[in-house]
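Using the numbering used here, the first residue of the sequence shown is number 58, and each one after it goes up by one.
The structure appears right after this line, and notes come after that.
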Amino acid sequence: MFGATVAVPLLLASLMELTPEDTAKLVCIQFFCAGITTLLQTWKKVGSGLPIVQGSSFSFLGPLVAIIATCKSMGIRGSEILLYTTGAIIGASFFEIVIGYSGLAGLLRRYITPVSIGPTIIVIGLSLADVGASQASGNWGLALLTVVLIVLFSQVLGRRYRIFMLFPVVLGVMISYVVALLLSITGFLKPGDPGYVNLRPLMELPWLNIPKPFPWGLPKFVPAFILGMLAAYVASMVESIGDYHTVCRVSEAPPPDEKTISKGLGAEGLGCLIGGIFGCAGGYTSYSENIGVIGLVRVASRYVIQLGAVFMLLMGFFGKFGALMATIPKPIIGGLYLVVFGMIAAVGASLLTLIDLKSPRNLLIVGMSLYLGLSVPMWMKGYNPYGVKGRGAIVALLPPQLMWLGEIVEIILETGMAVAAIVGIVLDNLIPGTPEERGLTHPEWCGKVMNKRENK
């Protein structure tokens with residue numbers, strides 16, 4: 058979880074053009090709220106009570122990137138953008154809280170299948186390709202070094218040495234950072250070079266950081282941004298339901314019942330609400346990577362997870378930690394994105410193996426979801442030979458009284474995962490198909506999401 062919890066705020070800070078001081082604060086906030094959310098999740102009275110770590114989710118990047126782009130088009134820069142992103146996170150978090158604690162999670166499991174969720178996750182990864190490439194292009198040497206190290210540690214050395222299996226991302230980024238630091242000290246990389254390590258923020262920023270509510274100011278709630286964020290929450294909830302089943306299986310515990318799943322989702326929504334209040338950069342969800350660690354070390358203790366949560370919470374007070382993370386050069390983070398975003402797309406593709414890919418019905422739904430999820434946002438941003446932008450065109454067609462509705466539609470159409478999810482869910486539930494075609498009877502999907510018999 059370390060990789061995403063650092064990478065998400067660093068990516069968003071770069072897109073928002075935050076100062077090193079604000080970037081360091083954002084990283085600290087992200088860890089502080091991850092600790093709180095994990096404690097809530099492992100507390101049976103509030104959450105699922107399962108030994109599962111909570112942290113930043115890449116599922117939220119699509120809507121957040123769209124919100125940032127919209128804010129920039131309106132002349133909004135820097136930390137002021139965080140007023141809009143936190144407003145969207147807070148506003149949409151009530152959706153997950155209500156779905157969770159009301160027990161309505163069964164609706165998700167009834168209408169959202171691998172046919173629709175697979176393309177949605179693929180689009181999350183592919184739609185961020187330009188972000189990863191732009192970050193890495195500042196110094197392809199450092200970016201590719203990071204990629205090679207992460208692949209080497211996770212896929213080669215990790216098979217022989219446990220430390221590389223547990224921390225491939227941390228070790229890969231750390232070694233690349235040391236290389237960049239040495240090149241900067243020796244003068245090979247000059248100030249102003251994207252790969253140059255500037256230690257000034259580390260020296261100047263204070264040791265102590267006190268997290269406080271609304272550090273950027275009072276959030277601004279824009280209905281269009283909130284609705285656009287809902288797609289991220291839906292994808293996060295479906296993924297989390299699978300994680301609850303997986304952690305129980307790895308821990309050799311009984312499958313989670315409906316009450317456990319509902320409380321788990323409610324706790325995640327509550328964690329997102331708290332994160333938004335404290336000014337976080339994105340929402341929180343269950344971490345599949347840490348479930349794999351449980352299976353590796355054979356320790357499935359809720360108290361161990363809670364101890365780790367306290368450690369994350371304390372990291373939020375350690376200002377120098379955030380400052381150190383803020384000094385990581387963009388090309389190194391870009392190299393990390395090249396691996397992570399590709400993995401996200403691959404995870405979505407793996408879900409398609411659960412459905413009947415010989416079915417013309419499924420091919421139509423998957424194809425349209427993918428194509429529209431990628432092409433519609435490109436049209437909205439004006440990526441066409443005619444220079445026509447969809448942004449603003451819909452609003453212009455409506456009377457002043459309905460401009461707010463046009464803004465909602467535009468922000469949804471600018472968010473690839475939202476378009477893919479809407480197209481996939483609507484077509485999957487309108488076009489007749491057997492449970493076998495839709496992947497609902499596949500053992501892996503049943504074990505992760507749909508197994509009601511085990512839950513009785």
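Beta carbons are placed, not taken as given, at the ideal position from N, Cα and C, and that holds for glycine.
Bear in mind the structure is a predicted one, so any value in this text is a computation, not a measurement.
First and last residue of the uninterrupted beta strand (DSSP E) at residue i
i: Gln111; result: Gln111 to Ser113
i: Thr342; result: Tyr341 to Ser343
Residue i: first and last residue of the uninterrupted alpha helix (DSSP H) it sits in
i: Thr536; result: Because residue 536 is not part of the residues shown, which for the chain are 58 to 513, the question remains open.
i: Thr177; result: Pro171 to Leu183
i: Lys514; result: Residue 514 cannot be examined here, being either before or after the span of the chain that is shown, 58 to 513.
i: Gly252; result: Premise fails: Gly252 is in no alpha helix (DSSP H) and is neither H nor E.
i: Ile465; result: Met460 to Leu470
i: Asp300; result: Pro280 to Val307
i: Val227; result: Pro225 to Ile242
i: Arg495; result: Pro492 to Arg495
i: Glu315; result: Glu315 to Ile334
i: Arg418; result: Pro417 to Met437
i: Glu137; result: Glu137 to Tyr158
i: Gln192; result: Ala186 to Ala193
i: Lys129; result: Leu118 to Ser130
i: Asn196; result: From DSSP, Asn196 is part of no alpha helix (DSSP H); its letter is neither H nor E.
i: Gly481; result: Gly473 to Leu487
i: Val452; result: Ala450 to Leu454
Closest by C-alpha distance to residue i, when choosing among the options
i: Ser116; options: Trp100, Ala64, Leu256 and Leu421; result: Ala64
i: Cys305; options: Ile154, Phe278 and Ile318; result: Ile318
i: Pro312; options: Ala324, Gly323, Gly299 and Leu322; result: Gly299
i: Ala357; options: Ala402, Thr303 and Lys377; result: Thr303
i: Leu322; options: Ala200, Gly336, Gly157 and Ile390; result: Gly157
i: Met435; options: Ala126, Val213, Arg216 and Trp461; result: Ala126
i: Ser130; options: Thr94, Ser159, Leu72 and Arg167; result: Leu72
i: Thr95; options: Leu370, Thr410, Gly399 and Ala402; result: Leu370
i: Ala123; options: Gly496, Gly399 and Met437; result: Met437
i: Gly104; options: Ser297, Ile412 and Met460; result: Ser297
i: Lys320; options: Thr491, Ile154 and Leu67; result: Ile154
i: Trp100; options: Arg359, Glu309 and Leu238; result: Arg359
i: Val397; options: Gly148, Gly229 and Asn196; result: Gly229
i: Ile390; options: Ala145, Ile146 and Gly189; result: Gly189
i: Cys329; options: Ser150, Ala61, Arg167 and Gly92; result: Ser150
i: Ile146; options: Thr243, Gly92 and Gly326; result: Gly326
i: Ala475; options: Asn196, Glu309, Leu209 and Leu118; result: Leu118
i: Met222; options: Val235, Val208 and Met231; result: Val208
i: Ala324; options: Ala338, Glu493, Ser343 and Ala310; result: Ser343
i: Met231; options: Leu206, Leu462, Val213 and Trp197; result: Leu206
i: Ala237; options: Arg257, Asn196, Asp79 and Phe224; result: Asn196
C-beta atoms of residue i and residue j nearer than 9 Å
i: Pro457; j: Gly285; result: no
i: Glu137; j: Gly274; result: yes
i: Lys387; j: Gln192; result: yes
i: Ala292; j: Ile178; result: yes
i: Met425; j: Val480; result: yes
i: Leu395; j: Val433; result: no
i: Ser241; j: Gly430; result: no
i: Gly373; j: Thr143; result: no
i: Asn266; j: Ala81; result: yes
i: Leu75; j: Gly132; result: no
i: Tyr290; j: Phe152; result: yes
i: Leu97; j: Ile331; result: yes
i: Gly340; j: Ser113; result: yes
i: Gly333; j: Pro276; result: yes
i: Gly252; j: Leu201; result: no
i: Pro77; j: Ala383; result: yes
i: Ile401; j: Gly182; result: yes
i: Ala477; j: Leu414; result: no
i: Gly148; j: Phe271; result: no
i: Ile422; j: Ser173; result: yes
i: Gly392; j: Thr243; result: no
i: Thr498; j: Pro492; result: yes
i: Leu67; j: Ile468; result: no
i: Phe210; j: Phe224; result: yes
Bridge partner(s) assigned by DSSP for residue i
i: Phe375; result: Leu265
Residue-chain proximity (residue i, chain C), Cβ-Cβ < 9 Å
i: Val227; result: Chain labels in this structure do not include chain C; a single protein chain is all it has.
Exercise for the section: Determine, using beta-carbon pairs with one atom in the segment 245 to 262 and one in the segment 86 to 102, whether at least three such pairs fall under 8 Å. Expected result: No: the two stretches stay apart, fewer than three of their Cβ pairs being nearer than 8 Å.
Exercise for the section: Count the C-beta pairs between the segment 361 to 377 and the segment 101 to 119 that are closer than 8 Å, then say yes if the count reaches three, no if not. Expected result: Yes: at least three Cβ pairs fall under 8 Å.
Handout entry: At least 3 beta-carbon pairs within less than 8 Å: the segment 479 to 490 vs the segment 411 to 430
Key = Contact between the segment 479 to 490 and the segment 411 to 430 is present, because at least three Cβ pairs lie under 8 Å.
Handout entry: At least 3 beta-carbon pairs within less than 8 Å: the segment 178 to 190 vs the segment 389 to 406
Key = Three or more beta-carbon pairs drawn from the segment 178 to 190 and the segment 389 to 406 are found closer than 8 Å, and the two stretches are therefore classed as touching.
Problem - the segment 134 to 154 / the segment 374 to 386 touching (three or more Cβ pairs under 8 Å) - result: Result no; under three Cβ-Cβ pairs closer than 8 Å.
Exercise for the section: Please confirm if the segment 161 to 171 is in contact with the segment 214 to 228, defined as three or more CB-CB distances below 8 Å between the two stretches. Expected result: Contact between the segment 161 to 171 and the segment 214 to 228 is absent: fewer than 3 CB-CB pairs across the two stretches fall below 8 Å.
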